[in-house]
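**Q** Final position of the sequence shown in numbering that gives the first Met the number 0 is 360; the numbers increase by one with none missing.
Don't be surprised by glycine CBs; every beta carbon is placed ideally from N, CA and C.
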Amino acid sequence: MKKIELLLGWLFSAAFLFTLTSCESDDQPVVVEIPEQTEGVFVLNRGNFKENNASISYFDTESKTVVSDLFSTLNGRKLGDSAQELLVYGGKMYTTVYGSYQIEVMDKKGNSLKTITSKNTDDSYHQPRCMASGNGKVYVTFYDGYVGMVDTTSLEVTKIAPVGLNPEQLTLVNNKIYVAVSEGMASTPGTKVAVLDATTLAEITKIDVLMNPTEILSDSQGDVYVISMGDYGNTLNNTLQRIDKQTQKSTVLMEATTMTMKNDTLYAINALWGKPVTDYIKYDCKNESVITTNFLKDAITYPVGANPSCLAVDPVTGNIYIGVSDFKTNSDMHIFSPEGKLLHKFEVGLEPKSIAFISNK
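(1) Assuming residue 58 is part of the beta strand (DSSP E), what are its boundary residues?
(2) On the three-state DSSP scale, how would you describe residue 164?
(3) Name the two residues that bound the continuous alpha helix (DSSP H) containing residue 71.
(4) By Cβ distance below 7 Å, which residues in the same chain neighbour residue 343 in space, the five residues on each side in sequence not counted?
(5) Could you tell me if residue 113 is buried or exposed, where buried requires 16 or more neighbouring beta carbons within 10 angstroms of its beta carbon?
(6) Just to check my reading of the structure: residue 276 and residue 299 have Cβ atoms closer than 8 Å, yes? What is that Cβ distance to the nearest angstrom?
(7) Enumerate in chain order the residues of its own chain whose CB-to-CB distance from residue 284 is below 6 Å, with the five nearest sequence positions on each side excluded.
(8) Based on the DSSP output, what are the partners of residue 356 in its beta bridges?
(9) Report the partner residues of residue 297 according to the DSSP bridge assignment.
(10) Bridge partners for residue 269 per DSSP, in chain order?
(11) If residue 140 and residue 166 are in contact, beta carbons under 8 Å, what's the gap, nearest whole angstrom?
(12) Buried or exposed: residue 12, going by 16 or more other Cβ atoms within 10 Å of its Cβ?
(13) Below 9 Å between beta carbons: does that hold for residue 85 and residue 42?
(14) Using the DSSP secondary-structure output, state which residues sit across from residue 345 in a beta bridge.
(15) Which residues bound the beta strand (DSSP E) around residue 241?
(16) Please state the DSSP three-state secondary structure of residue 22.
(17) Check whether the Cβ atoms of residue 176 and residue 196 sit closer than 9 Å, and answer yes or no.
(18) Rounding to the nearest angstrom, what Cα-Cα distance links residue 339 and residue 295 in this structure?
(19) Out of curiosity, what's the CA-to-CA distance linking residue 278 and residue 309?
(20) Between which two residues does the beta strand (DSSP E) harbouring residue 247 extend?
(21) Might you give, ordered along the chain, the residues of its own chain that have their beta carbon closer than 8 Å to the beta carbon of residue 331, omitting 5 neighbours on each side?
(22) Quick one: using the 10 Å Cβ neighbour count with 16 as the cut-off for buried, is residue 354 buried or exposed?
(23) Looking at C-alpha atoms only, which residue of 316, 304 and 314 is the closest neighbour of residue 325?
(24) When you compare the region 127-134 with the region 94-102, are there three or more beta-carbon pairs, one atom per stretch, that lie closer than 8 Å?
(25) Tell me, please, which residues DSSP counts as bridged to residue 306.
(26) Taking the CB atoms as reference points, tell me whether residue 244 and residue 172 lie closer together than 9 Å.
(27) Comparing alpha-carbon positions, which option in 91, 193 and 268 lies nearest residue 153?
(28) Since residue 92 sits in a beta bridge, which residues does DSSP pair it with?
(29) Whole angstroms are fine: how far does the CA of residue 226 sit from the CA of residue 240?
(30) Can you tell me whether residue 350 is helix, strand or coil according to DSSP?
(31) Run through DSSP, which three-state label would residue 177 get?
(32) Where does the unbroken beta strand (DSSP E) through residue 115 begin, and where does it stop?
(33) In the structure shown, what three-state DSSP assignment does residue 10 receive?
(34) For residue 282, I'd like the list of residues in its chain whose CB is within less than 6 Å of its CB, leaving aside the five on either flank, ordered along the chain.
(35) For residue 285, list the residues DSSP reports as bridge partners.
(36) Measure the C-alpha to C-alpha separation of residue 182 and residue 206 and round it to an integer number of angstroms.
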């Protein structure tokens with residue numbers, strides 16, 4: 000009898016617990032939070048000018064496997080000539096293919112969705128160079144002197160405006176677009192960053208910077224960072240400057256040849272031709288101070304004639320990616336931990352130029 004009472008008690012308790020659980024499940028569904036992970040890394044390889052050998056390498060972060068020419072494998076054709084930049088925005092990837100006068104739009108696996116071209120009034124094609132995104136748009140510099148706006152739904156260039164000869168990178172800050180107008184192909188390089196209204200593309204102002212501005216990005220506070228290439232070391236080396244959000248004036252920070260940013264920490268490399276030492280600089284944008292001039296604990300061995308060709312930081316893991324190229328042969332991509340320890344190295348195509356990360360969210 001006692002055994003039966005105990006059994007009935009157990010069954011009642013189990014039923015009561017099941018009822019409570021069921022009620023809780025109905026009212027408050029249990030959500031299992033899946034941690035964000037980087038699933039893959041796309042590397043855009045520029046290739047040689049006029050040789051139609053730009054490519055995209057894909058690196059699987061879990062299996063450590065590489066697909067060396069993903070775009071051609073998936074789409075049965077070449078990407079084009081002299082690719083410049085790779086951008087992930089929304090559910091799509093965009094790449095500018097400068098020498099082929101086109102913007103290639105893909106899904107986040109690399110399948111082509113559309114090839115966008117834009118023409119001048121004389122029927123010549125604009126030359127897409129660099130990109131920034133926001134407001135449901137992708138903003139593009141065209142090397143022949145324009146900034147364009149691509150609608151991410153229609154995948155059409157909906158606006159285009161003159162900005163100055165040979166514009167390079169651009170960044171979006173508080174509905175304004177800051178454009179590095181290099182004029183690098185002119186007899187005298189430019190010294191301006193153009194500021195445009197992000198809705199109309201109308202010019203608001205121009206800001207003085209050092210000669211030949213090319214790279215540009217911004218922090219969460221609205222300050223803008225610009226690298227000017229100078230005159231390639233004849234009288235002025237590559238120099239990083241900061242444009243203050245309040246004064247809209249630029250001040251010199253340090254020498255640098257390329258940069259990227261994660262969470263208001265700016266990572267810069269200074270690898271001047273002929274300089275025996277390469278600097279790997281980490282800069283705190285909020286405190287406006289240098290954290291270190293060597294964020295790598297393990298050194299990179301550069302082949303003869305090779306230099307860093309691209310730099311990016313994984314937004315999820317904080318791992319640092321540095322591409323090294325001799326501009327003649329296939330290149331190496333180095334992965335470092337946030338502490339600067341070498342984690343992995345893999346081969347990519349000719350002259351890695353831009354890196355994009357794909358996460359599970």
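**A** Working from what's here:
(1) Here the question's residue 58 lines up with position 59 in the sequence shown. Segment 54-59, the beta strand (DSSP E) holding residue 58.
(2) Against the sequence shown, residue 164 aligns to sequence position 165. Correct three-state label for residue 164: coil.
(3) Counted from its first residue, the sequence shown places residue 71 at position 72. Element bounds for residue 71: 69-74.
(4) The residue given as residue 343 occupies position 344 in the sequence shown. 63 and 334, listed in sequence order.
(5) Residue 113 sits at position 114 when you count from the first residue of the sequence shown. Exposed.
(6) Position 277 of the sequence shown holds residue 276. Position 300 of the sequence shown holds residue 299. That pair is no contact at about 12 Å.
(7) Residue numbering aside, residue 284 sits at position 285 when the sequence shown is read from its first letter. Cβ neighbours of residue 284 beyond the five flanking positions: 218, 263 and 265.
(8) Within the sequence shown, numbered from 1, the residue matching residue 356 stands at position 357. Answer by DSSP bridge pairing, in chain order: 40.
(9) Here residue 297 corresponds to residue number 298 of the sequence shown, with the count starting at 1. Answer by DSSP bridge pairing: none, since residue 297 is not bridged.
(10) Within the sequence shown, numbered from 1, the residue matching residue 269 stands at position 270. Its beta-bridge partners are 278.
(11) Looking up residue 140 in the sequence shown gives position 141. Looking up residue 166 in the sequence shown gives position 167. That belief holds up - the Cβ atoms of residue 140 and residue 166 are roughly 4 Å apart, short of 8 Å.
(12) Counting from 1 along the sequence shown, the entry for residue 12 is found at position 13. Any answer about residue 12 is weak, because its pLDDT of 44 lies below 50 and its placement is not dependable; what the coordinates show is given next. Exposed.
(13) Counting from one through the sequence shown, the residue named residue 85 turns up at place 86. Counting from one through the sequence shown, the residue named residue 42 turns up at place 43. Going by C-beta atoms, residue 85 is nearer than 9 Å to residue 42.
(14) As a position in the sequence shown, residue 345 is number 346, starting the count at 1. Per DSSP, 332.
(15) Against the sequence shown, residue 241 aligns to sequence position 242. Looking at the DSSP string, the run of the beta strand (DSSP E) that includes residue 241 is 238-242.
(16) The residue labelled residue 22 in the question sits at position 23 within the sequence shown. Residue placement at residue 22 cannot be trusted, given a pLDDT of 43 that sits under 50; what the coordinates show is reported in the next sentence. Residue 22: helix per DSSP, three-state reduction.
(17) Residue mapping note: residue 176 aligns to position 177 of the sequence shown, counting from 1. Residue mapping note: residue 196 aligns to position 197 of the sequence shown, counting from 1. Against a cut-off of 9 Å, the Cβ pair of residue 196 and residue 176 comes out as a contact.
(18) Looking up residue 339 in the sequence shown gives position 340. Looking up residue 295 in the sequence shown gives position 296. Answer to the nearest angstrom: the Cα atoms are 4 Å apart.
(19) What you label residue 278 is simply residue 279 of the sequence shown in a count that begins at 1. What you label residue 309 is simply residue 310 of the sequence shown in a count that begins at 1. Between residue 278 and residue 309, the C-alpha separation is close to 14 Å.
(20) Within the sequence shown, the letter at position 248 stands for residue 247. Per DSSP, residue 247 belongs to no beta strand (DSSP E) and is neither H nor E.
(21) Position 332 of the sequence shown, counting from 1, holds the residue named residue 331. The residues are 322, 323, 344, 345, 346 and 347.
(22) For the purposes of this step, residue 354 is taken as the residue at position 355 of the sequence shown. Buried, by the Cβ-count rule.
(23) The residue you call residue 325 lines up with position 326 of the sequence shown. For the residues 316, 304 and 314, the minimum Cα distance to residue 325 belongs to 304.
(24) yes
(25) If you number the sequence shown from 1, residue 306 lands on position 307. According to DSSP, residue 306 bridges with 324.
(26) Locating residue 244 in the sequence shown gives position 245, counting from the first residue. Locating residue 172 in the sequence shown gives position 173, counting from the first residue. Against a cut-off of 9 Å, the Cβ pair of residue 172 and residue 244 comes out as a contact.
(27) Here the question's residue 153 lines up with position 154 in the sequence shown. Measuring from the Cα of residue 153, the nearest candidate turns out to be 91.
(28) Position 93 of the sequence shown, counted from the start, is the residue given in the question as residue 92. In DSSP, residue 92 forms a bridge with 87 and 105.
(29) Translated into positions along the sequence shown, residue 240 becomes position 241. Translated into positions along the sequence shown, residue 226 becomes position 227. In a straight line, the C-alpha of residue 240 is about 6 Å away from that of residue 226.
(30) Position 351 of the sequence shown holds residue 350. It is coil, neither helix nor strand.
(31) In the sequence shown, residue 177 corresponds to position 178, counting from 1. Reduced to three states, the DSSP call for residue 177 is strand.
(32) Your numbering for residue 115 matches position 116 in the sequence shown. From DSSP, the beta strand (DSSP E) with residue 115 extends over 111-115.
(33) One-based indexing of the sequence shown puts residue 10 at position 11. In this prediction, residue 10 has a pLDDT of 38, which is less than 50 and means its spatial position is unreliable; what the coordinates show is noted afterwards. DSSP places residue 10 in helix when its eight states are reduced to three.
(34) Position 283 of the sequence shown holds residue 282. Contacts found: 265 and 289.
(35) Mapped onto the sequence shown, residue 285 falls at position 286. Note: residue 285 sits in no beta bridge, so no partner.
(36) Here residue 182 refers to the residue found at position 183 when the sequence shown is read from its first residue. Here residue 206 refers to the residue found at position 207 when the sequence shown is read from its first residue. C-alpha separation (whole angstroms): 15 Å.
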